[in-house]
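One structure is given below, encoded as structure tokens.
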Amino acid sequence: QGANSGEDSDTDVVGSSTFNAANTQQLFVSATLENFWETGLRTDLHIGRINMDIGSRRLVARSRFPNTSQPFDGIHWRLAKTNEWFFRAFFSEVVTNRDTTGRLGLFTNEGNYFWGLSYENAHFPWARTQLYYYGRDDEGKDGGTERQHSTVGIRVYQRPDIGAYDFEAESAWQFGTLDNMDHFAFFQHISLGYTFAFPWSPRILA
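In short: position in the sequence shown from 1, add 1, done, that's this note's numbering.
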């Protein structure tokens, strides 16, 4: 992970806060079974340093645009019936980027735990559904914010297709404590789109 500008100037101080030669973004062992216990289900297991995209990517996602990423050290398990449904579970410790002393610091965790469950299915031809739960337990070391909270949510959507309407509705609710005070938050999302059967497949979304 290198987040320094690379310019040779007095203001570009290259230290372990901007460059960590050992801060690997993904490094894990994995196992896949296409027919788990003769059930016709596929299962995948990952153990190590991982990045994750889950659901709409609004709450759990790999970084796409910034020059730093958010990896996790932990275990991730997926069980699926192809083209019908899949279940995911994970438990991890967040890898922080606040280590300013260890140039080769591979494990820069600080007691910040993150776990969750997600179930998604495509049983209905008109919509896909997802249910999820995420848990967070951050000890707030070195003056950081201490938080223990849970997030539950539901998402109903239809994937975009050429010459067809699509939609998405998602509702998430979060509750717990923040610096030993009661914490409650929520967010709602709804959108409707249409993809035109024109060159480049333009799509309009509200």
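Glycine included, each C-beta is placed from N, C-alpha and C at the ideal position.
Taking DSSP as the reference, what is the three-state secondary structure of residue i?
i, result
"D54", "coil"
"G144", "helix"
"W201", "coil"
"F37", "helix"
"N122", "strand"
"D74", "strand"
"W86", "strand"
"R43", "strand"
"F66", "coil"
"D139", "strand"
"T196", "strand"
"L60", "coil"
Quick one: what's got a C-beta closer than 6 Å to residue i's C-beta in the same chain, skipping five residues either side?
i, result
"W38", "none"
"T178", "Q149, H184"
"F168", "Q159, L193"
"E140", "G112"
"Q175", "H150, T152, A186"
"A62", "D54"
Can you pull the DSSP bridge partners for residue i?
i, result
"G154", "Y133, A173"
"G112", "Bridge partners of G112: none, in fact."
Let me know if residue i comes out buried or exposed under the rule of 16 or more other beta-carbons within 10 Å of its beta-carbon.
i, result
"V96", "buried"
"N113", "buried"
Can you find a CB in chain D that lies within less than 7 Å of the CB of residue i?
i, result
"Q131", "Absent from the structure: chain D. Only one protein chain is present."
Can you list, in chain order, the residues of its chain with a C-beta nearer than 8 Å to that of residue i? Leave out the 5 residues immediately preceding and following it.
i, result
"E35", "R43"
- Message: Closer than 8 Å is the cut-off here; do at least three beta carbon pairs connect the segment 112 to 123 with the segment 134 to 146?
- Response: yes
- Task: Report yes or no: do three or more beta-carbon pairs, one from the segment 56 to 69 and one from the segment 79 to 86, lie closer than 8 Å?
- Result: no
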